[in-house]
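Novice:
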Amino acid sequence: MAMTYLTDIDTTSGADTFYVGMISTQANFVVVDGYIAEIVAGRDSEATLLARSQAITAAIAALTVGTGCPVSADDTTPGYLDGKLLAGEGVDFTVGSPAANETLTISGEDASATNKGIVELATTAECQTGTDTERAVTPAGAKASAQTFAKYTGVWGMNTSRDAGDVTNDINTTAGRCWSDDLANEIILATEITKRIDAAWGAGDDQGGLDTGSVANSTWYYLYAIYNPTTGVSDAIITATYGNPTMPSGYTKKRLIGFIWRDGAATNRAFGHIGNWWWWDVASEDWDDATFGQTATAKVMQVPLGVRVLCHFRATGYDASGAFSITFSSGDGSDQGSVNILSGPGGQLYGGSGAYDVGYHQCITDTSGQIKVDSDETSLRCAAYTIGWEYQR
Numbered sequence: 083m084a085m086t087y088l089t090d091i092d093t094t095s096g097a098d099t100f101y102v103g104m105i106s107t108q109a110n111f112v113v114v115d116g117y118i119a120e121i122v123a124g125r126d127s128e129a130t131l132l133a134r135s136q137a138i139t140a141a142i143a144a145l146t147v148g149t150g151c152p153v154s155a156d157d158t159t160p161g162y163l164d165g166k167l168l169a170g171e172g173v174d175f176t177v178g179s180p181a182a183n184e185t186l187t188i189s190g191e192d193a194s195a196t197n198k199g200i201v202e203l204a205t206t207a208e209c210q211t212g213t214d215t216e217r218a219v220t221p222a223g224a225k226a227s228a229q230t231f232a233k234y235t236g237v238w239g240m241n242t243s244r245d246a247g248d249v250t251n252d253i254n255t256t257a258g259r260c261w262s263d264d265l266a267n268e269i270i271l272a273t274e275i276t277k278r279i280d281a282a283w284g285a286g287d288d289q290g291g292l293d294t295g296s297v298a299n300s301t302w303y304y305l306y307a308i309y310n311p312t313t314g315v316s317d318a319i320i321t322a323t324y325g326n327p328t329m330p331s332g333y334t335k336k337r338l339i340g341f342i343w344r345d346g347a348a349t350n351r352a353f354g355h356i357g358n359w360w361w362w363d364v365a366s367e368d369w370d371d372a373t374f375g376q377t378a379t380a381k382v383m384q385v386p387l388g389v390r391v392l393c394h395f396r397a398t399g400y401d402a403s404g405a406f407s408i409t410f411s412s413g414d415g416s417d418q419g420s421v422n423i424l425s426g427p428g429g430q431l432y433g434g435s436g437a438y439d440v441g442y443h444q445c446i447t448d449t450s451g452q453i454k455v456d457s458d459e460t461s462l463r464c465a466a467y468t469i470g471w472e473y474q475r
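When the letters of the sequence shown are read in order and numbered with our numbering, they come out as residues 83 to 475.
(1) Leaving out five residues before and five after T273 in sequence, what residues of the same chain have Cβ atoms less than 6 Å from its Cβ?
(2) Whole angstroms are fine: how far does the CA of G332 sit from the CA of T312?
(3) Would you kindly check if the distance between the Cβ of I469 and the Cβ of W359 is under 8 Å?
(4) Check whether the region 369-388 touches the region 453-460, counting contact only when three or more Cβ pairs, one atom from each stretch, lie closer than 8 Å.
(5) Mapping DSSP to helix, strand and coil, what is W359?
(6) Are the C-beta of T220 and some C-beta of chain B separated by less than 8 Å?
(7) Considering only the alpha carbon of each residue, which of G404, L462, N251 lies closest to Q289?
(8) In angstroms, rounded to a whole number, what distance separates the CA positions of N350 and S296?
(9) How would you label V391, buried or exposed, when you count the other beta carbons within 10 angstroms and need 16 or more for buried?
(10) Taking Y309 as the reference, give the member of I270, T213, T206 with the closest Cα.
(11) Restricting to Cα atoms, I'd like to know which of A380, G212, T328, Q474 is closest to W283.
(12) Kindly identify the DSSP beta-bridge partner or partners of C209.
(13) Check each candidate in Y400, C464, D414 and name the one with the smallest Cα separation from S435.
(14) Thinking I342 and L305 are a contact (beta carbons under 8 Å), I'd like their distance in whole angstroms, please.
(15) Look at the alpha carbon of Q384 and the alpha carbon of A437, and state the distance between them as a whole number of angstroms.
(16) Starting from S407, follow the beta strand (DSSP E) in both directions and report where the run begins and ends.
(17) Label H231 either buried or exposed according to how many other C-beta atoms from any shown protein chain fall within 10 Å of its C-beta, with 16 as the threshold for buried.
(18) Under 8 Å, with one C-beta from each stretch per pair, do the region 207-222 and the region 232-245 reach the 3-pair mark?
(19) Taking the CB atoms as reference points, tell me whether I408 and Q444 lie closer together than 8 Å.
(20) Can you check which of these residues, G340, E208, G247, W261, is closest to A322 by C-alpha distance?
(21) DSSP state of K225, grouped into three classes?
(22) Measuring CB to CB, does Y473 end up less than 8 Å from F395?
(23) Do D371 and C464 have their CB atoms nearer than 8 Å?
(24) So what's Q384 in DSSP terms, helix, strand or just coil?
(25) Could you check how far apart the C-beta atoms of I320 and G346 are, in whole angstroms? I think they sit under 8 Å.
(26) Only counting the same chain, and skipping five residues up and downstream in sequence, which positions put a Cβ closer than 8 Å to that of D264?
(27) Excluding the 5 residues flanking M240 on each side, which residues of the same chain have their C-beta closer than 7 Å to its C-beta?
(28) Alpha carbon to alpha carbon, how far is T242 from K277? Give it in angstroms, no decimals.
(29) What did DSSP end up calling Q289 once you bin it into helix, strand or coil?
(30) Using a threshold of 8 Å, state whether the C-beta atoms of G413 and D368 are closer than that.
(31) Between which two residues does the beta strand (DSSP E) harbouring E268 extend?
(32) When DSSP builds the beta bridges, which residues end up paired with Y473?
(33) Do you know how far the Cα of D214 is from the Cα of A195?
(34) Shortest alpha-carbon distance to F406 belongs to which of G433, L387, D439?
(35) Please report the Cβ distance between R344 and Y303, rounded to the nearest whole angstrom; I am assuming they are in contact, meaning their Cβ atoms lie under 8 Å.
(36) Residue range of the beta strand (DSSP E) that Y324 falls in?
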């Protein structure tokens with residue numbers, strides 16, 4: 083069967099134009115996949131651009147219908163999220179509207195015992211009061227809080243003793259820490275320090291310790307930890323003036339940490355000390371009085387003066403003429419009056435006629451180191467020996 087064929091293509095215009103002169107009976111063209119090869123060759127570049135344009139158009143169309151694309155198709159207005167961001171624990175957000183050009187706002191939820199979220203840091207003051215329940219404590223805040231409570235717990239370490247290098251004059255203080263007596267500064271002795279009672283104060287270890295004047299015999303001395311706020315240096319000083327040592331230049335903070343009895347032989351009396359407890363190496367008789375009666379008598383114990391301490395002592399009572407009862411009370415307290423064994427405040431030493439009674443006792447002294455002694459007899463004998471004392475540093 084005779085066939086007619088398209089023999090030429092006009093590619094000079096913007097479209098493929100077919101006209102009569104292009105028809106021929108000669109089969110001089112090639113068919114590829116149903117398309118005329120000449121058309122493909124003539125419009126190759128245009129077809130490629132068209133495919134790309136169509137792909138871009140499809141992508142833009144997808145943007146406008148919210149198929150997960152992150153921005154809108156309109157590049158003249160802000161982009162918007164299409165609800166694909168989900169808020170988790172601790173996060174809230176508001177989805178914007180493209181019509182209103184709203185900005186996406188992300189905000190944190192407040193943290194609680196049952197909800198994760200944003201938490202505010204506690205201030206130092208809030209850490210110290212310990213009453214806030216909604217703020218987080220930082221390590222620095224915890225330290226400040228611990229230091230606040232430590233101010234009221236006394237002295238750590240800083241135990242005192244006679245130094246083995248010179249037991250006559252030198253006093254050793256172990257490492258430790260405490261707060262100044264006005265609670266303003268912490269005083270830290272990083273290592274032990276030895277001070278000499280027979281030499282004027284000098285900074286540092288194995289130096290003089292006396293604040294002023296010359297050392298005196300039969301005198302109570304007081305050992306203070308001291309601090310210089312400007313330099314941050316801690317030291318120790320010895321003074322005969324309770325509560326008011328003459329401070330070296332720059333040292334304005336202090337705390338009482340120990341006691342020294344300078345005896346009549348120009349020697350620091352041997353003692354032991356741990357924490358708030360002091361004791362004599364060898365107990366000695368404080369007094370022996372045979373004139374006690376039914377009126378309270380103040381007696382001085384071998385304890386520091388200027389402070390009230392809990393004195394620990396042994397006592398002996400004796401009455402040659404009849405049974406007796408003796409009681410001991412605070413030097414600041416009222417007279418106990420009759421201390422009959424069966425009535426009144428009771429007694430602490432009891433004995434029959436011509437008999438002795440011995441016991442271990444403790445009693446608060448006044449600032450003159452005194453306790454009071456009462457009995458139910460008009461005349462009896464009593465002696466006491468101080469073992470040691472307690473003082474809250």
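Ideal placement from N, C-alpha and C gives every residue a C-beta, glycine not left out. None of the values given here were measured: they were computed from a predicted structure.
Specialist: Straight from the coordinates:
(1) Along the sequence shown, one-based indexing puts residue 273 at 191. Hits under 6 Å: A257.
(2) If you number the sequence shown from 1, residue 312 lands on position 230. If you number the sequence shown from 1, residue 332 lands on position 250. Roughly 7 Å separates the two Cα atoms.
(3) Sequence index remark: in the sequence shown, residue 359 carries index 277 (1-based). Sequence index remark: in the sequence shown, residue 469 carries index 387 (1-based). Contact flag unset, no.
(4) yes
(5) Locating residue 359 in the sequence shown gives position 277, where the first residue counts as 1. If DSSP states are grouped into helix, strand and coil, W359 belongs with the strands.
(6) Judged by its chain identifiers, the structure shown contains no chain B, having just a single protein chain.
(7) What you label residue 289 is simply residue 207 of the sequence shown in a count that begins at 1. Residue N251 is the option with its Cα nearest to Q289.
(8) Here residue 350 refers to the residue found at position 268 when the sequence shown is read from its first residue. Here residue 296 refers to the residue found at position 214 when the sequence shown is read from its first residue. Roughly 14 Å separates the two Cα atoms.
(9) Translated into positions along the sequence shown, residue 391 becomes position 309. Buried.
(10) For the purposes of this step, residue 309 is identified with residue 227 of the sequence shown, where counting begins at 1. The shortest C-alpha separation from Y309 is found at I270.
(11) By one-based count along the sequence shown, residue 283 stands at place 201. Nearest C-alpha to W283: T328.
(12) Numbered from its first residue, the sequence shown carries residue 209 at position 127. DSSP lists no partner for C209.
(13) For the purposes of this step, residue 435 is taken as residue 353 along the sequence shown, with counting starting at 1. Among Y400, C464, D414, the Cα nearest to that of S435 belongs to Y400.
(14) Indexing the sequence shown from 1 puts residue 342 at position 260. Indexing the sequence shown from 1 puts residue 305 at position 223. Correct: roughly 6 Å between the Cβ atoms.
(15) Start at 1 with the first residue of the sequence shown, and residue 384 comes out as number 302. Start at 1 with the first residue of the sequence shown, and residue 437 comes out as number 355. Using only the alpha carbons, I get a separation of about 27 Å.
(16) Translated into positions along the sequence shown, residue 407 becomes position 325. First-last of the beta strand (DSSP E) with S407: 406-412.
(17) Counting from 1 along the sequence shown, the entry for residue 231 is found at position 149. Sequence check: residue 231 is Phe here, not His. Exposed.
(18) no
(19) Counting from one through the sequence shown, the residue named residue 408 turns up at place 326. Counting from one through the sequence shown, the residue named residue 444 turns up at place 362. Cβ distance not < 8 Å, so I408 and Q444 don't count as in contact.
(20) Residue 322 sits at position 240 when you count from the first residue of the sequence shown. That would be G340, whose Cα lies nearest to the Cα of A322.
(21) Residue numbering aside, residue 225 sits at position 143 when the sequence shown is read from its first letter. Helix.
(22) The residue you call residue 473 lines up with position 391 of the sequence shown. The residue you call residue 395 lines up with position 313 of the sequence shown. No, the Cβ-Cβ distance between Y473 and F395 is not below 8 Å.
(23) On the sequence shown, position 289 is the one that residue 371 refers to. On the sequence shown, position 382 is the one that residue 464 refers to. For D371 and C464, yes; Cβs fall inside 8 Å.
(24) As a first step, residue 384 is located in the sequence shown; it is residue number 302 there, counting from the start. Coil.
(25) Residue 320 sits at position 238 when you count from the first residue of the sequence shown. Residue 346 sits at position 264 when you count from the first residue of the sequence shown. No, I320 and G346 are not in contact; Cβ-Cβ is about 18 Å, not under 8 Å.
(26) Here residue 264 refers to the residue found at position 182 of the sequence shown. Excluding residues within five positions, the ones whose Cβ falls inside 8 Å are K335.
(27) On the sequence shown, position 158 is the one that residue 240 refers to. Counting only Cβ-Cβ distances below 7 Å, and skipping sequence neighbours, we find T255, T256, G258, C260, L271, A307, I339.
(28) As a working mapping, residue 277 is identified with position 195 in the sequence shown. As a working mapping, residue 242 is identified with position 160 in the sequence shown. Answer to the nearest angstrom: the Cα atoms are 11 Å apart.
(29) Stepping through the sequence shown from its first residue, residue 289 is reached at position 207. It is a strand residue.
(30) Counting from 1 along the sequence shown, the entry for residue 413 is found at position 331. Counting from 1 along the sequence shown, the entry for residue 368 is found at position 286. It is not a contact, given that the beta carbons lie outside the stated cut-off.
(31) Mapped onto the sequence shown, residue 268 falls at position 186. It spans 268-271 - the beta strand (DSSP E) in which E268 sits, taken as one unbroken run.
(32) On the sequence shown, residue 473 is found 391 positions in, with the first residue counted as 1. Y473 pairs with nothing; no bridge assigned.
(33) Start at 1 with the first residue of the sequence shown, and residue 195 comes out as number 113. Start at 1 with the first residue of the sequence shown, and residue 214 comes out as number 132. The straight-line gap from Cα to Cα measures roughly 13 Å.
(34) Position 324 of the sequence shown, counted from the start, is the residue given in the question as residue 406. Looking at the Cα atoms, G433 is the closest of the given residues.
(35) Position 262 of the sequence shown, counted from the start, is the residue given in the question as residue 344. Position 221 of the sequence shown, counted from the start, is the residue given in the question as residue 303. Indeed they touch by this definition, with Cβ atoms about 6 Å apart.
(36) For the purposes of this step, residue 324 is taken as residue 242 along the sequence shown, with counting starting at 1. Here Y324 belongs to no beta strand (DSSP E), and DSSP marks it neither H nor E.
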